[in-house]
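In this note's numbering, the protein residues as written are 15 to 260.
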């Protein structure tokens, strides 16, 4: 199943043909366009042909490692990734999030739960080609070397270079911009970035902050901008100026 869909285009990468077909049929019934890949090589070919809106990715497959693929993809594209894995330990979840996945779901799972997570991740991802009309008032924030525009879910450097962020990374920098020079505890960050069904815990918050710093670092001293407050959490050490424009 392929093509385009207003709901979104999803690539299912799993060596289990039965699971792939089940997911493809279910997601198609919910209005998504679905493509299938049985291994990492097939997945690379599918992505090269057409970048999907979201990738469902198994970890253990013959002939390739899903985690390695996730890391490669995160360095080149910002497409959301949900890992589907039979491993349910906290360490496995942390590793999955560290390589850049947006969510992690343990097998076996309910199809409705997966659907809820897909919808949540797609909502958090940046709208493609959505440009505000001139009549819309845009609110934007300037801080350090960046400009944040919430209506576009967009972060750019003051030089005009776009910073590609996952949904959780964007939610985090937006939360900091709304609360400059104020310590956010890990629990507060988990509440802010979790949103719908994203599962967060202490180590994943540290990983998320680390990922965000890496993406900001080409434009500023990211460790000085997002500072660690020992025993408490993190703080955006910068003044933020909010403005409106049409």
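Yeah, the Cβ is synthetic: ideal placement off N, Cα and C, and Gly gets one too.
For residue 108, the enclosing alpha helix (DSSP H) starts and ends at 104-112. The three-state secondary structure of residue 188, taken from DSSP, is helix. A contact is defined here as three or more CB-CB pairs under 8 Å, and the stretch 218-225 meets this definition with respect to the stretch 179-186. Taking C-beta atoms as the reference points, residue 25 and residue 49 count as a pair closer than 8 Å.
The DSSP-derived three-state label of residue 179 is coil. Taken in chain order, the complete alpha helix (DSSP H) segments of 4 residues or longer contained in the stretch 34-103 are 54-63 and 80-90. 121 is the residue among 22, 121, 111 and 82 whose C-alpha sits nearest the C-alpha of residue 101. Residue burial is scored here from C-beta neighbours: residue 232 has fewer than 16 other C-beta atoms within 10 angstroms and is therefore classed as exposed. For residue 26, there is no enclosing alpha helix (DSSP H); the residue is part of the beta strand (DSSP E) that begins and ends at 23-27.
Counting along the chain, the unbroken beta strand (DSSP E) around residue 168 starts and ends at 168-171. Per DSSP, reduced to three states, the secondary structure at residue 197 is coil, with no helix or strand assignment. Closest by C-alpha distance to residue 173, out of 167, 160 and 179, is 160. Rounded to whole angstroms, the separation of the alpha carbons of residue 156 and residue 256 is 7 Å. Taken through DSSP and simplified to helix, strand or coil, residue 158 comes out as coil. Taking the Cα of residue 47 as reference, the smallest distance to any Cα among 54, 31 and 65 is reached at 65.
Annotated three-state conformation of residue 31 is helix, per DSSP. Apart from sequence neighbours up to five positions away, the residues of its chain that approach residue 189 with a beta-carbon distance below 6 Å are 206, ordered along the chain. In this structure, the CA atom of residue 68 is about 12 Å from the CA atom of residue 41.
Residue range 236-239 is occupied by the alpha helix (DSSP H) that includes residue 237.
With a 10 Å radius around the Cβ and a threshold of 16 neighbouring Cβ atoms, residue 138 comes out buried. DSSP places residue 135 in the helix class (H, G or I) of the three-state scheme.
By the criterion of at least three beta-carbon pairs nearer than 8 Å, the stretch 235-253 is in contact with the stretch 193-207. Apart from sequence neighbours up to five positions away, the residues of its chain that approach residue 125 with a beta-carbon distance below 7 Å are 40, ordered along the chain. Taking the Cα of residue 136 as reference, the smallest distance to any Cα among 154, 96, 80 and 111 is reached at 96. In this structure residue 27 is in contact with residue 72, their Cβ atoms being roughly 6 Å apart against a cut-off of 8 Å.
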